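Notes follow the structure.
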Amino acid sequence: MTDVAIETVSKRSFAAALDWPGWCRAGKDEGSALAALAAYAARYAAVAKKARIAFNPRSAAAFRVVEHL
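Residue numbering for the sequence shown follows our numbering, starting at 1390 and increasing by one per position.
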């Protein structure tokens, strides 16, 4: 599981992976922000593989929201 923080403003929500600097995405609501974050995961897979870190978030279910801002 990847810990995520969610920040919601009037018309958008942002999901940010806490242990992966720079890995954040936006959506119209929390669910779409998490889905966008999962869709962007492939860009981080090469780094995780090189570091020998288990990494396979294929859907929003792979995230644990630990903070709402």
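Here a beta-carbon is modelled for each residue, glycine too, at the ideal position from N, C-alpha and C.
The structure displayed is predicted, hence computed values, not measured ones.
Assigned with DSSP and collapsed to three states, glycine 1411 falls in coil, not helix or strand. Separation of the CB atoms of phenylalanine 1444 and alanine 1434 is rounded to 6 Å, and the pair is thereby assigned contact status at 8 Å. Between valine 1455 and valine 1393, the gap from beta carbon to beta carbon is short of 8 Å.
Between serine 1402 and the set Leu1426, Lys1439, Ile1442, the nearest pair of CA atoms involves Leu1426. Scanning Gly1416, Ala1404, Ala1415 for the CA closest to the CA of threonine 1391 turns up Ala1404.
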